[in-house]
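Visitor:
Numbering (UniProt numbering), first residue to last: 1 to 328.
1) Return the CA-CA distance between residue 87 and residue 266, expressed in angstroms with no decimal places.
2) Identify the residues that DSSP records as bridge partners of residue 281: which are they?
3) Do residue 161 and residue 44 have their CB atoms nearer than 8 Å?
4) So, with DSSP's three-state summary, where would you put residue 276?
5) Does chain D have any CB closer than 8 Å to the CB of residue 178?
6) Quick one: Cα of residue 179 to Cα of residue 141, how far?
7) Compare the Cα-Cα distances from residue 258 to each of 270, 286, 233 and 272 and report the closest residue.
8) Which of the three DSSP states, helix, strand or coil, is assigned to residue 26?
9) From residue 83 to residue 147, what distance separates their C-alpha atoms?
10) The beta strand (DSSP E) that contains residue 268, what's its start and end?
11) Who are the near neighbours of residue 208 in its chain, counting only those whose CB is closer than 7 Å to its CB and skipping five residues on each side?
12) Output needed for residue 69: all residues of its chain with C-beta closer than 8 Å, excluding positions within five of it in sequence on either side, in chain order.
13) List the endpoints of the continuous beta strand (DSSP E) containing residue 298.
14) Per DSSP, which residues does residue 237 bridge with? Please list them.
15) With DSSP as the reference, label residue 310 as helix, strand or coil.
Listed below in structure tokens is the structure:
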């Protein structure tokens with residue numbers, strides 16, 4: 001056996017060890033031949049997809065948590081004036097109660113009777129007392145009812161915040177796992193490349209005029225990011241994940257999209273493959289991945305860890321979910 005052949009077998013053997021660490025090959029107890037580079041790269045793609053699914057779940061809960069926090073802040077601005085009004089109403093009641101107790105005001109029934117100059121003045125003062133009392137009662141009742149309603153809404157917001165914070169905490173605990181998996185994936189891809197592979201199952205696609213004469217601002221933006229690295233949870237300015245790239249591309253046209261592929265699907269008008277036009281979004285893998293269509297059957301997307309923003313053929317994929325057009 002030649003030295004070169006032995007070296008190649010040694011590299012492939014190390015690839016198997018790395019692949020087992022990622023749980024993407026058969027258990028060690030099952031005897032099998034060293035995987036081919038094509039098999040290793042397919043395993044890399046599968047592991048990268050699984051990692052991206054976790055990343056998109058992380059992105060989604062972050063978007064939802066931010067929305068809930070904003071709703072809680074808005075509710076608090078409504079709740080504060082009402083709390084101030086309640087405090088004022090309660091203070092007024094205290095003043096009335098103290099005056100009545102001391103007999104120093106016109107609102108103490110006994111004083112009214114003793115000091116009345118005539119039956120007419122007695123009636124007038126008792127009527128005033130009744131009106132003030134009713135007014136105060138209505139004020140307190142209205143304020144209490146309104147506060148009760150807002151308190152109920154605040155309770156719901158607090159419960160939602162607690163649930164989402166728990167979800168986020170759970171995802172945060174997975175952050176170390178994500179980072180660990182990223183390192184293993186990058187090392188496995190490096191070894192595959194060293195052994196003569198591309199480290200990717202992606203097909204190199206040549207660009208035509210799609211980027212030399214971009215159809216619109218989102219496409220022009222996506223073209224400008226070609227070659228920049230994928231980084232999970234990133235939305236630029238020099239690294240991207242899939243939904244971060246499409247979000248920022250459409251921001252150039254004044255359109256707001258969430259940093260999550262599944263939520264972006266709910267923010268676009270769904271179109272058919274035949275109706276696709278440059279700038280439309282292409283969704284894949286059960287809404288686990290998204291790219292931006294640039295024309296001629298091509299899209300630009302941030303694929304997965306260890307790879308860069310690239311051009312791909314949408315019709316080469318077998319996991320297409322659908323297509324959507326952001327609202328301008």
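For each residue, glycine too, the CB sits at the ideal point set by N, CA and C. Values in this document were obtained by computation on a predicted structure and should not be read as measured data.
Guide: Here's the rundown:
1) Taking the first residue of the chain shown as 1, we reach residue 87 at position 87. Taking the first residue of the chain shown as 1, we reach residue 266 at position 266. Put simply, the backbone Cα of residue 87 is about 44 Å away from that of residue 266.
2) One-based indexing of the chain shown puts residue 281 at position 281. DSSP output for residue 281 lists 292 and 324 as bridge partner(s).
3) For the purposes of this step, residue 161 is taken as the residue at position 161 of the chain shown. For the purposes of this step, residue 44 is taken as the residue at position 44 of the chain shown. Not in contact: residue 161 and residue 44 (Cβ atoms no closer than 8 Å).
4) The residue you call residue 276 lines up with position 276 of the chain shown. Note: residue 276 maps to coil in three-state DSSP.
5) No chain D is present in this structure, which holds just one protein chain.
6) Numbered from 1 along the chain shown, position 179 holds the residue referred to as residue 179. Numbered from 1 along the chain shown, position 141 holds the residue referred to as residue 141. So the two alpha carbons sit approximately 56 Å from each other.
7) Taking the chain shown and counting its residues from 1, the one referred to as residue 258 is at position 258. Comparing Cα positions, the closest option is 233.
8) Along the chain shown, one-based indexing puts residue 26 at 26. At residue 26 the pLDDT is 40, less than 50, meaning the model places this residue with poor confidence; the figure from the coordinates comes in the next sentence. Here residue 26 sits in coil by DSSP.
9) Residue numbering aside, residue 83 sits at position 83 when the chain shown is read from its first letter. Residue numbering aside, residue 147 sits at position 147 when the chain shown is read from its first letter. One C-alpha to the other measures close to 7 Å.
10) To locate residue 268, count along the chain shown from 1; it is residue 268. That run of the beta strand (DSSP E) goes 268–271.
11) For the purposes of this step, residue 208 is taken as the residue at position 208 of the chain shown. Shown here for residue 208: same chain residues with a beta carbon closer than 7 Å to its own, the five before and five after excluded, namely 296 in chain order.
12) Numbered from its first residue, the chain shown carries residue 69 at position 69. Answer for residue 69: 161, listed in chain order.
13) Numbered from 1 along the chain shown, position 298 holds the residue referred to as residue 298. 298–301 is the extent of the beta strand (DSSP E) around residue 298.
14) One-based indexing of the chain shown puts residue 237 at position 237. Note: residue 237 sits in no beta bridge, so no partner.
15) In the chain shown, counting from the first residue as 1, residue 310 sits at position 310. In the structure shown, residue 310 sits in a strand (DSSP, three-state: E or B).
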